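Notes for the one structure printed next.
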Amino acid sequence: MAGESLPEFNYPKDVLQPLLSASNSSSLQQALEILIKNSRAAVGRAELASKNILPTVLKLVESLHHASSQEYLMQAMKLLRNLCAGEVANQNSFVEHNGIETVLTVLRSAALLSDPDFGIIHLSLQVLANVSLAGSELQEAIWHKLFPNEFFILASIHSLETSDPLCMILYTCCDGKPGLAIELCRDPGLPIVAGIIQTVASVGSRENWFKLLLSRLCLEDIHFPALFFKLCEGNASEDGGNTALGDKVFSSEQAFLLQIISEILNERLNEVRVPNETALCVLGIFKRSVSIVDFGARAKSGLPTGSTSVDVMGYSLIILRDICAQEGLRELKKDSVDVVDLLLSDDLTDVILSLPHDLEPPAIIRKTLKDSENQELNLGSTKLCPYKGFQRDLVAIIGNCAYRRKNVQDEISQKSGILRLLQQCVTDDDNPYLREWGIWSLRNLLEGNAENQQIVADLQLQGSVDMPELARLGLKVEVDQNTHCAKLVNIPGSYTKPVERVGPLKFMGKMSIREPQLYIQAHHTATFTKSKC
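Numbering (full-length UniProt numbering) for the sequence shown: 1 to 533.
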């Protein structure tokens, strides 16, 4: 917009003169440019607040809207947005002079066009988003003006420019107000959140407000089940034309929701406690997905795979892994329910242990068995990993559940899980970090459990095993001729690489939720970015 000449219009002096005076300029175009620049900084906003400039800007917005002057209207909305960014005096003045209704009128006009004006919609939402940070009174005022109809219309617009500020408004209104969160997660509110998820799944998001909103609703509150099953209404599986049975049961939006929840939980493992209702719902989703996934094809990639059913199974499994890790990281409060015990009572152990039993062993184990003298050995494995890392994630859940839980340690032992777990303590190209998770899980099975320790001590090595991974570390396996037990020894003359530390309970994600930030115009650019104010 800089350098371009805007057409001149005649405005009442009570609108034009205060702007010209505050900017020390001679034209409306110049005044808006100077005031927008000054209002980027907190000191500039405070100075303009002392001059009570915001009511004049609201009058200008009303005049420009009626005159259908889009160029000037865009500039006026930018100024209004900046003035409301963190300046309490301006925010209060905005409400006192009916600013919500003024902006809402502009917003409705832009959104209901056959070709929506995304620029005006974006700026209008940014104004309301900045005002929503001013406190509960303003948040409730915005909520009652926009919920549910206007929110639904805005959520239905598949635009990145719309979804980010809309999520900011919804999050700030719901945060700390359980009543509003309940409204949003019941009819007629659920279609609003479902629409936002569909939009972000399609066009993405630049900011953290989407994840903050989902964290508030699904991890800090109990609304995940309602939202997940809402996304399946009408069977929205229109992604990529998949026609497999599993891709008809779940929708791509459900897989996307699970992916985002898994990222948030992994990043905020020490900050949020997953509600019991959510944990049990995720376990039910995992069980359902296991029953429909095709285990007959070898995985070509990790998550996401492009198969809706596989992605639903994989991300629900990762969420369960981190839920179980949470309980191992915190002290259980008196009279509180251990969510892992709740999951175990719903057959988590049976489901998780049955899968490794049916899956083919890691490649190095298969090779060893193939090269052994017992060529007729039947592996009893008919299933393949549906994504790279599936076996590792199963092992991780076993290890996290067994952490300082003797009842789980004993149950795994009774179901012949120790020997199966020993087979996972190897490297495997199809399961990155399988060895580290296998060692961690075995350690948790043996800790404080003399019976399990004795089972491992009594195991006898049946013949020699070629382990190139050990050789590269300068180690080899020797068998004690008296006890027939295996032990690791150094290869003479070789360098022994220090053993790496066992990995953490969770894998580090890429998402990091930062502190909420305000909308103001960035310097030297015509686009809008967040700025720390």
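Backbone N, C-alpha and C fix where the C-beta goes; we use that ideal spot for every residue, glycine too.
This one's a predicted model, so the numbers in the text were calculated from it and none came from an experiment.
Going by C-alpha to C-alpha distance, which of the options sits closest to residue i?
i	options	result
Asn431	Glu360, Asn149 and Ile418	Glu360
Cys218	Arg206, Glu207 and Ile197	Ile197
Leu280	Val395, Leu344 and Ala111	Leu344
Ala76	Glu62, Glu87, Gly86 and Ala89	Glu62
Val200	Ile182, Leu160, Ile318 and Leu20	Leu160
Asp341	Ile365, Val293, Arg404 and Asp294	Arg404
Ala141	Gln91, Phe118 and Ile120	Gln91
Ala89	Ser50, Leu79 and Ser109	Ser50
Glu220	Val272, Ser262 and Ile169	Val272
Thr105	Glu137, Ser132 and Lys145	Lys145
Gly99	Leu125, Ser114, Gly119 and Trp437	Leu125
Ile520	His97, Leu80, Leu16 and Cys232	Leu80
Ala396	Leu184, Cys185, Lys300 and Glu436	Glu436
Ser68	Lys383, Ser109 and Pro356	Ser109
Val249	Thr102, Trp209 and Val293	Val293
Cys167	Ser307, Leu214, Ala31 and Leu384	Leu214
Ser202	Gln29, Leu227, His158 and Pro225	His158
Ser114	Glu137, Ile153, Ser93 and Lys78	Ile153
His122	Val103, Glu233 and Ala226	Val103
Ala129	Ala450, Ile318, Leu442 and Trp209	Trp209
Ser301	Ser291, Asp429, Arg186 and Gly204	Asp429
Ser307	Lys59, Ala402, Leu421 and Gln254	Gln254
Between the C-alpha atoms of residue i and residue j, what's the straight-line distance to the nearest angstrom?
i	j	result
Ala526	Cys84	Residue placement at Ala526 is flagged as unreliable, the pLDDT there being 27, under the threshold of 50; the coordinate-derived value follows with that caveat. Distance between the alpha carbons of Ala526 and Cys84 is about 19 Å.
Arg501	Thr427	Any reading at Arg501 needs caution, since the residue's pLDDT is 35, under 50, leaving its predicted position unreliable; the model's value is listed next. In a straight line, the C-alpha of Arg501 is about 15 Å away from that of Thr427.
Gly448	Ile352	23 Å
Asn149	Pro188	9 Å
Val57	Leu112	24 Å
Gly296	Cys425	24 Å
Leu190	Phe229	10 Å
Ile323	Leu445	18 Å
Ile513	Val408	Confidence in Ile513 is poor, its pLDDT being 43 and thus under 50, which makes the residue's placement unreliable; the coordinate value appears in the next sentence. Taking the straight line from one Cα to the other gives about 34 Å.
Glu277	Gln454	38 Å
Arg298	Pro116	46 Å
Arg45	Glu267	35 Å
Leu303	Ile264	16 Å
Gln139	Pro18	30 Å
Asp239	Ser252	Because Asp239 carries a pLDDT of 43, less than 50, the predicted location of this residue cannot be relied on, and no value is offered for it.
Cys173	His65	27 Å
Thr162	Lys383	45 Å
Asp410	Gly438	17 Å
Leu505	Leu348	Any reading at Leu505 is ruled out, since the residue's pLDDT is 46, under 50, leaving its predicted position unreliable.
Ile36	Ala226	43 Å
Gly86	Leu16	25 Å
Gly204	Leu212	15 Å
Could you pull the start and end residues of the alpha helix (DSSP H) that residue i belongs to?
i	result
Ala450	Ala450 to Ala457
Arg40	Where Arg40 is concerned, there is no enclosing alpha helix (DSSP H), given that its DSSP letter is neither H nor E.
Ser93	Val88 to Glu96
Gly284	Asn276 to Ile292
Pro178	Pro178 to Leu184
His357	Leu348 to Asp358
Pro55	Leu54 to Ala67
Asn149	Asn149 to Ala155
Phe390	Phe390 to Ala402
Phe295	First-last for Phe295: undefined, no H or E at that position.
Ser441	Leu434 to Leu446
Lys211	Trp209 to Leu214
Leu219	First-last for Leu219: undefined, no H or E at that position.
Asn270	It is not in any alpha helix (DSSP H) - Asn270 carries neither H nor E in the DSSP assignment.
Pro12	That residue, Pro12, is in no alpha helix (DSSP H); it is neither H nor E in DSSP.
Tyr171	Leu160 to Cys174
Lys191	Strictly speaking, residue 191 in this sequence is Pro, with Lys absent from that position. Looking at the DSSP string, the run of the alpha helix (DSSP H) that includes Pro191 is Leu190 to Val203.
For residue i, is the beta carbon positioned less than 7 Å from some heavy atom of the ligand COA?
i	result
Leu269	Among the ligands in the structure shown, none appear at all, so the ligand COA cannot be discussed.
On the three-pair Cβ rule with 8 Å, is the segment 310–317 touching the segment 250–270?
The answer is yes - the segment 250–270 touches the segment 310–317, with three or more Cβ pairs under 8 Å.
When the Cβ atoms of the segment 446–460 are set against those of the segment 385–396, are three or more pairs found closer than 8 Å?
The segment 446–460 is not in contact with the segment 385–396.
Does the contact criterion of 3 or more C-beta pairs under 8 Å hold for the segment 410–417 versus the segment 281–294?
Touching, no, given that fewer than three Cβ pairs across the two stretches are closer than 8 Å.
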